[in-house]
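K.L.:
In this note's numbering, the protein residues as written are 30 to 472.
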């Protein structure tokens, strides 16, 4: 009999008042009932999403939810140090605050920070179709005071009340191995290790490091294909991202649909060494397509000063739709090795099991950050709602390819939801709208 990790999978559809089941991904328990674990956290869908009546939501629905569910939100909100937050709309202005062990909603504006939102933005935020990061990436965030971190803190509180999840507090997420001992967060595996062991570790930590999955010769061919393909990509072509380095050079840093440019890469996508990873969970994950974009090749130059190459801490669901798409499995194939000098990946262990901000990092969470140095041919796997980042290379450029295994559609799911398309459009323009902190200025 195999011990495996079973994570919570509640059901939630429709408007916030329909929520009936808790969604606390820190409440995972060992179960002998399933041969593999699940990371299907979906609680919403894109069908029959009702437009929010803004005045009724802030005047009636949200105060009622706060009265019923503040115990889930307040401990974590106090750890975050949230301060009164004002939301200005055409239907009125309200201020959210935490006092007397409850979340309060008051008419009027008296917040430390304030944001202006239209009715569509409020509807999408309530239904988890947009987040504050979507507005930031689209350059539509309108805050008259405070900053994005104030909004993100209150977004966490709102998600707690709307989705019946506890805001993360320090110590909520712990790490144990299958024998009950401490989990080695730097552990690496072979791709042919026991699947139950891989699945357990992925469910517990939120990531995997698999060594020597592909050969150095295979990666050398992919790297040569990147060199050959680069002249065929242009800034503004809709299939690449670009960044500017300190010497003024414009560099292609993200090459989409790369399987069309590299026979070696197309072959790897059909290789069982990769495809077997989809079965780590019992959720029926399948290879992604995204309109033909099956895999992307990334080049990480040294000294980026404009655009986006070295992404800071974020979840892959940071722009929205966590509750209708997570968790997919993001797979990184190391074309070149990566370490602290050459742009290695970093992850926040256990963050997929915590209701925290979907971008940036807070030491108050007491969740460990883990670097994942790799060699050419190694593979990393992380859950789409595991916080991760790319360290800026300072000595050697890094090359890596990313693909995904996504959850299969549920009965009644829209195969092409408009909210997903809207997020994709924001994401594809992001490198032109916002820039990373210049790599020379990053720690």
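Here a beta-carbon is modelled for each residue, glycine too, at the ideal position from N, C-alpha and C.
(1) Taking the C-alpha atoms as reference points, what is the distance between residue 57 and residue 68?
(2) For the structure I just gave you, are there three or more beta carbon pairs, one from the region 382-397 and one from the region 313-329, closer than 8 Å?
(3) With distances taken Cα to Cα, identify the nearest neighbour of residue 196 among 419, 105, 404.
(4) How far does the alpha helix (DSSP H) with residue 461 in it extend, from its first residue to its last?
(5) Hey, how far is the Cα of residue 284 from the Cα of residue 432?
(6) Check the C-beta distance from residue 353 over to residue 74 and give it rounded, since I have them as a contact under 8 Å.
(7) Note down, in chain order, each residue of its chain lying with its Cβ closer than 6 Å to the Cβ of residue 115, except the 5 sequence neighbours on either side.
(8) Can you name the residues that DSSP bridges to residue 11?
(9) Kindly give me the distance between the Cβ atoms of residue 288 and residue 255, rounded to whole angstroms, as I take these residues to be in contact under 8 Å.
(10) Distance, Cα to Cα, residue 228 vs residue 66?
(11) Rounded to whole angstroms, what's the CA-CA distance from residue 404 to residue 419? Just pull it up for me.
(12) What residue range does the beta strand (DSSP E) around residue 279 cover?
(13) In the structure shown, what three-state DSSP assignment does residue 113 receive?
(14) Less than 9 Å separating the beta-carbons of residue 450 and residue 408?
(15) Alpha carbon to alpha carbon, how far is residue 93 from residue 82? Give it in angstroms, no decimals.
(16) Quick check on the burial criterion: 16 or more other C-beta atoms within 10 angstroms. Buried or exposed for residue 424?
(17) Quick one: measure Cβ to Cβ for residue 281 and residue 259, integer angstroms, because I've assumed they're closer than 8 Å.
(18) In the DSSP output, what is residue 236 paired with across the bridge?
(19) In the DSSP assignment, find the beta strand (DSSP E) that holds residue 163 and state where it starts and stops.
(20) According to DSSP, what are the bridge partners of residue 344?
P.N.:
Result, derived from the coordinates:
(1) Bear in mind that a pLDDT of 40 at residue 57, under 50, signals an unreliable position, so the number given afterwards is only what the model happens to contain. Going by the C-alpha atoms only, they are around 10 Å apart.
(2) no
(3) Nearest option by C-alpha distance: 105.
(4) 447-462
(5) For residue 284 and residue 432, the distance between alpha carbons rounds to 12 Å.
(6) 6 Å
(7) 124, 138, 140, 143
(8) This structure does not reach residue 11, given that the chain is present from 30 up to 472, and the question cannot be answered.
(9) About 13 Å separates the two Cβ atoms, so there is no contact after all.
(10) 6 Å
(11) 16 Å
(12) 279-284
(13) coil
(14) no
(15) 15 Å
(16) exposed
(17) Between residue 281 and residue 259 a beta carbon distance of about 6 Å is seen, short of the 8 Å cut, so the two are scored as contacting.
(18) 411
(19) Segment 161-166 is the alpha helix (DSSP H) holding residue 163; no beta strand (DSSP E) there.
(20) For residue 344, which the question treats as bridged, DSSP gives no partner whatsoever.
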